[in-house]
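Quick note, this note's numbering runs 946 ahead of the 1-based positions in the sequence shown. Note that beta-carbon positions come from the ideal geometry of N, C-alpha and C, so glycine has one too.
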Amino acid sequence: MEELRNKFPGAVEAIDTQFGETTVTLKKESLSRVCEYLKQEKGFDYLSDLTGLDLGKEAKPRFAVVYHLFSMKSHARLRLKVLTDDAVDTVSPVWKAADWFEREVYDLLGVVFNHHPNMTRIYMPDDFNGHPLRKDFPLAGER
């Protein structure tokens, strides 16, 4: 995936390969363009998972959003990671499956996906206060 550095100068923050799996950390401003390229030009036609991580209040940025891509044709796998404090652009125009995955991350961690077609809670009630997978969420729940 070194070619992403050449194709998108300044977009790639890191490339890490461990145990035969590659993770590309991207600047959040480049996410949509890189995802479109990976789907159209590199054949990553399946978003198998999208999840979020709370790295803790001390971390800057606080959240990581992780995308697991798969190519049905070549059987290649690729993991993308974007770090953010608040929001990233949606990739639902690229992969329709992202719609529900992004809503899950929003609901449980509070990461907003800009331009999402329906940025609403998916698990918690609409009037629920907070995001239960954040590290600073009270273990006994909000009181």
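Give me, in chain order, the residues of the same chain whose beta-carbon lies closer than 7 Å to that of residue i; leave out the 5 immediate sequence neighbours on both sides.
{"i": "ALA960", "result": "THR971"}
{"i": "ALA1043", "result": "LEU993"}
{"i": "THR1036", "result": "ALA1044, GLU1048, PHE1059, ASN1060, HIS1061 and HIS1062"}
{"i": "GLU948", "result": "ILE961"}
Judging by CA-CA distance, which residue of the options is the nearest neighbour of residue i?
{"i": "VAL1057", "options": "MET1070, HIS1077, ARG979 and ASP1072", "result": "HIS1077"}
{"i": "ASP995", "options": "TRP1041, LYS1081, ASN1075 and ASP1073", "result": "TRP1041"}
{"i": "LYS953", "options": "TYR983, SER978 and TYR1069", "result": "TYR983"}
{"i": "PHE1009", "options": "LEU1055, PRO1071, GLY956 and ASP1073", "result": "LEU1055"}
Count the other C-beta atoms from every protein chain shown that fall within 10 angstroms of the C-beta of residue i, then say buried if there are 16 or more, exposed otherwise.
{"i": "PHE965", "result": "exposed"}
{"i": "LYS974", "result": "buried"}
{"i": "LEU1085", "result": "exposed"}
{"i": "PHE990", "result": "buried"}
{"i": "SER1038", "result": "buried"}
{"i": "TYR1069", "result": "exposed"}
{"i": "ASP1053", "result": "buried"}
{"i": "GLY998", "result": "buried"}
In its own chain, which residues sit with a C-beta less than 6 Å from the C-beta of residue i, not counting the 5 before and 5 after it?
{"i": "LYS1081", "result": "ASP1000 and GLY1002"}
Please go through the same chain and pick out, in chain order, the residues whose beta-carbon is closer than 8 Å to the beta-carbon of residue i, but skip the five residues on each side of it.
{"i": "PHE1083", "result": "GLY1076 and HIS1077"}
Assuming the contact rule is C-beta atoms closer than 8 Å, residue i and residue j should be a hit. Round their C-beta distance to whole Å, please.
{"i": "LEU977", "j": "VAL1034", "result": "6 Å"}
Beta strand (DSSP E) segments (min. 3 residues) lying fully within the region 980 to 1061: 992 to 1000, 1009 to 1016, 1023 to 1030, 1033 to 1035 and 1058 to 1060
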